[in-house]
Amino acid sequence: MKITANDPSRKSWLKVKKNSDFPIQNIPFGVFLTKEDIITIGSRIGDYAIDLTAMHQLGYFEGIPLTDDIFMQDSLNDFIADGRITWRLVRNRIADIFDAENPKLKNHNKHRENIIFDIDDVEMLLPVDICDYTDFYSSREHAENVGKMFFNSENNLPLNWLHMPLAYHGRSSSVVVSGKNIRRPHGQMKPAGKDTPVFGPSKLVDFEVEIGFITTDGNKLGKQISVEEAGEYIFGMVLLNDWSARDIQAFESSPLGPFASKNFATSISPWIVTMDALQSFRTEHVVQKPEPFPYLQQEGKNSYDIQIEAAIKPKKQKETVVCNTNFKYLYWTMYQQLAHHTINGCNVRTGDLFGSGTISGPKKNNYGSLLELSWKGTKPVKLKDGSERRFLEDGDSVILRGFCKNDKIRIGFGECKARLRKAKYSGK
Ligand code: MN
1 MKITANDPSR KSWLKVKKNS DFPIQNIPFG VFLTKEDIIT IGSRIGDYAI
51 DLTAMHQLGY FEGIPLTDDI FMQDSLNDFI ADGRITWRLV RNRIADIFDA
101 ENPKLKNHNK HRENIIFDID DVEMLLPVDI CDYTDFYSSR EHAENVGKMF
151 FNSENNLPLN WLHMPLAYHG RSSSVVVSGK NIRRPHGQMK PAGKDTPVFG
201 PSKLVDFEVE IGFITTDGNK LGKQISVEEA GEYIFGMVLL NDWSARDIQA
251 FESSPLGPFA SKNFATSISP WIVTMDALQS FRTEHVVQKP EPFPYLQQEG
301 KNSYDIQIEA AIKPKKQKET VVCNTNFKYL YWTMYQQLAH HTINGCNVRT
351 GDLFGSGTIS GPKKNNYGSL LELSWKGTKP VKLKDGSERR FLEDGDSVIL
401 RGFCKNDKIR IGFGECKARL RKAKYSGK
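In terms of this note's numbering, the sequence shown opens at residue 1 and continues consecutively.
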């Protein structure tokens with residue numbers, strides 16, 4: 001099916017600012033709460049939120065097989081479960097209704113009032129009822145930096161790293177939408193040179209710049225998803241901040257990997273940008289040596305050129321961009337991640353979230369965490385207000401932004417933003 005929504009020459013009758021992340025070619029999906037306290041699935045063009053429940057009720061999706069309440073939901077799960085053909089039909093139709101050449105809704109003031117809201121008048125909610133959450137470790141530069149800092153070896157990748165996309169199973173219950181503030185966690189840490197741990201608030205809270213993807217039902221338990229067909233099961237992508245307490249992580253991670261250092265919070269951006277919208281930004285993936293096993297081999301353009309930045313904004317101060325990186329730096333692709341995740345028969349379900357792992361690149365300003373930017377706290381990062389950061393301080397907001405751009409269009413993700421609040425503990 002042709003993805004007519006992607007036509008770069010298309011213009012909308014809704015006003016879209018130059019350099020907006022949300023031109024009519026984007027048509028992302030999200031869930032929002034209106035001023036009238038109604039929750040609906042929606043889309044966005046420019047700075048307007050589009051109520052898809054209202055559009056559906058007023059007949060604008062006529063001819064597309066959709067249940068009556070498909071958009072009258074507090075999550076996108078049912079819509080995502082409908083599969084790729086439905087996503088495409090709906091996206092194409094939204095583009096058609098808001099096309100500058102189409103007067104149908106444009107000239108219907110009553111309908112416009114019901115369907116279109118100012119983006120500032122809606123509250124964005126978590127777009128998906130997150131099913132399972134897996135976080136990969138797919139940036140070679142990030143893995144090498146961690147190797148250099150903690151294992152101090154020249155050959156600093158673990159033996160398995162170049163053979164498969166490594167990951168750990170994360171926690172879905174604490175995935176929150178951008179805008180929800182995060183509490184500095186308590187836990188156990190072992191101060192350097194001491195033999196016994198201490199308990200208290202983490203002193204080394206960090207962010208991780210990642211992109212997450214969300215799937216539809218892929219395979220039954222015991223079956224696999226091949227690297228070639230993996231793309232059919234990926235609905236779209238979000239910006240993801242995998243908050244990390246480095247001191248808790250250092251003490252707990254051996255032998256089983258991260259647990260309480262990661263599962264206190266994960267932030268995602270509210271608009272899911274579909275893989276369809278990102279199609280023209282596919283790019284070659286990193287050359288892989290040694291050649292992986294056949295089940296991980298793929299041809300063509302399997303990565304995406306997505307520019308990502310991370311900024312720190314101290315309370316009541318201006319923000320400082322501390323990292324500029326790109327999704328294309330990742331060593332393992334999403335398709336390889338899904339193929340590897342299911343090679344043992346593990347099933348993937350609608351609403352599953354997969355994090356890329358911290359996205360670092362070859363240059364120092366490409367590093368996707370403060371751990372790397374401050375090199376384990378030895379090289380503090382300077383902020384515009386004159387202060388320095390080794391790790392995050394109470395009141396700091398972390399803002400991730402991401403977009404793709406070519407000479408015709410720009411497709412963006414908006415922001416993933418959250419503030420770190422001071423620790424709070426009521427126990428003994
Ligand atoms: Mn991570």
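Cβ coordinates follow ideal geometry from the N, Cα and C atoms, glycine included.
Residue i (DSSP reduced to helix, strand or coil)
i: Thr274; result: strand
i: Lys417; result: strand
i: Ser369; result: strand
i: Ile97; result: helix
i: Gln298; result: coil
i: Ser244; result: strand
i: Val287; result: coil
i: His56; result: helix
i: Lys382; result: strand
i: Thr4; result: helix
i: Tyr48; result: strand
i: Val348; result: coil
i: Ile234; result: strand
i: Phe29; result: strand
i: Val321; result: strand
i: Leu66; result: coil
i: Asn19; result: coil
i: Thr342; result: helix
i: Glu252; result: helix
i: Ile41; result: strand
i: Ile359; result: coil
i: Asn181; result: coil
Chain-order list of residues whose beta-carbon lies under 7 Å from that of residue i (same chain, five-residue window excluded)
i: Arg84; result: Glu232
i: Ser174; result: Asn263, Phe264, Ala265 and Thr266
i: Ser20; result: Gly46
i: Asp129; result: Ser75, Asn77 and Gly351
i: Val273; result: Asn26, Pro28, Gly236, Met237, Ile411 and Phe413
i: Leu162; result: Pro290
i: Lys376; result: Met149
i: Ala311; result: Glu319, Thr320, Val321, Val322 and Ile399
Terminal residues of the beta strand (DSSP E) in which residue i lies
i: Phe79; result: No beta strand (DSSP E) contains Phe79, which is instead part of the alpha helix (DSSP H) from Asn77 to Ala81.
i: Met189; result: His186 to Met189
i: Thr333; result: First-last for Thr333: undefined, no H or E at that position.
i: Arg401; result: Ser397 to Lys405
i: Gly212; result: Val209 to Thr215
i: Glu123; result: Glu123 to Leu125
i: His163; result: Note, His163: premise wrong, no beta strand (DSSP E); not H, not E.
i: Tyr133; result: Tyr133 to Phe136
i: Glu309; result: Gln307 to Lys313
i: Ile409; result: Element bounds for Ile409: n/a, residue is neither H nor E.
i: Val175; result: Val175 to Val177
i: Thr266; result: Thr266 to Ile268
i: Asn156; result: Segment: none, Asn156 is in no beta strand (DSSP E) and carries neither H nor E.
i: Gly355; result: Leu353 to Gly355
i: Val508; result: Here the chain covers residues 1 to 428 and nothing more, so residue 508 does not appear.
Whole-number beta carbon distance between residue j and residue i, since they are thought to touch under 8 Å
i: Thr333; j: Ile359; result: About 13 Å separates the two Cβ atoms, so there is no contact after all.
i: Ile119; j: Tyr60; result: That belief does not hold up - the Cβ atoms of Ile119 and Tyr60 are roughly 20 Å apart, past 8 Å.
i: Asp135; j: Gly357; result: 6 Å
i: Asn92; j: Ile3; result: 7 Å
i: Ala81; j: Ile24; result: That pair is no contact at about 26 Å.
i: Leu278; j: Ser303; result: 11 Å between Cβ atoms; not a contact.
i: Gln337; j: Phe354; result: 6 Å
i: Phe327; j: Ile211; result: 6 Å
i: Met275; j: Ile234; result: 5 Å
beta-carbon residue i near the ligand NAP non-hydrogen atom, thresh 6 Å
i: Asp242; result: The ligand NAP is not among the ligands present in this structure, which contains only the ligand MN.
N- and C-terminal bounds of the alpha helix (DSSP H) containing residue i
i: Lys148; result: Arg140 to Phe150
i: Leu105; result: Pro103 to Lys106
i: Arg112; result: Asn109 to Ile115
Neighbourhood of residue i by C-beta, 6 Å cutoff - its chain only, sequence neighbours within 5 removed
i: Ser374; result: Pro380, Val381 and Arg390
i: Trp13; result: Ala100 and Lys106
i: Tyr425; result: His186
i: Asn366; result: Thr325 and Ser360
Contact with chain B by residue i, beta-carbon distance below 7 Å
i: Gly412; result: The question asks about chain B, but that chain is absent: this structure has only one protein chain.
Other residues of its chain near residue i: CB distance less than 8 Å, five sequence neighbours each side excluded
i: Pro258; result: Tyr168, Ser244, Gln249 and Glu252
i: Asp206; result: Trp243, Ser244, Ala245, Arg246, Ser369, Leu370, Leu371, Phe391 and Leu392
i: Asp7; result: Gln25 and Ala95
i: Lys17; result: Gly46 and Asp47
i: Val198; result: Gln188, Met189, Lys190 and Pro191
- Task: Give a yes or no on contact between the stretch 119-127 and the stretch 30-43, applying the rule of three or more CB pairs nearer than 8 Å.
- Result: yes
- Message: Between the stretch 145-161 and the stretch 102-110, can you find at least three pairs of beta-carbon atoms closer than 8 Å?
- Response: no
- the stretch 196-208 contacting the stretch 240-260, beta-carbon criterion three pairs below 8 Å: yes
- Item | Contact between the stretch 398-406 and the stretch 415-424 (3+ Cβ pairs under 8 Å) | In short, these stretches touch, since the Cβ pair count reaches three.
- Item | Cβ contact (3+ pairs, closer than 8 Å) linking the stretch 220-229 and the stretch 295-309 | yes
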